[in-house]
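A quick write-up on the structure given underneath.
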Amino acid sequence: MKTVDDYIAQFPEDTQRALNQVRKVIISTCPEAAESISYGMPAYKLTEKPLVYFAGYKNHIGLYATPTGHDAFKEALAQYKQGKGSVQWRLTAPMPLALIQQIVLFRIKNIKNPK
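Under the numbering used here, residues 107 to 221 are what the sequence shown spells out, in order.
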């Protein structure tokens, strides 16, 4: 897999639609982020630091906003299935695009102004 377009194209249409929605939110929120494939999934970096990753699966979309994005949104993410450093959104429900945008904005701030 060389490009995010290639990555997305391998999935069924409904999954592609959800992946493209997530991608659009990330790119529109942080147009200066560098897009690539890392760890086998779409990855976005800001000033060489990981911003967010996302991935498609059979029944869900996963978002990886490590190291700080998940802790900061613990309450908002509590209703979704989570793994270590990830959150999963079922393909049968609308993608929480506003929440994804908030997470990306938080990660931008965290990268640009680390504590």
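All C-beta atoms in this analysis are idealised placements derived from N, C-alpha and C, irrespective of residue type, glycine included.
In the DSSP annotation of this structure, Phe-212 is not part of any beta strand (DSSP E); the continuous alpha helix (DSSP H) holding it starts and ends at 203 to 218. Judged by DSSP secondary structure, Leu-197 falls outside any beta strand (DSSP E); it is assigned neither H nor E. For Tyr-163, there is no enclosing alpha helix (DSSP H), as DSSP marks it with neither H nor E. One Cα belongs to Glu-181, the other to Pro-148, and the distance between them is close to 26 Å. Going by C-alpha positions, Arg-213 is about 24 Å away from Gln-122.
Going by C-alpha positions, Val-131 is about 10 Å away from Leu-211.
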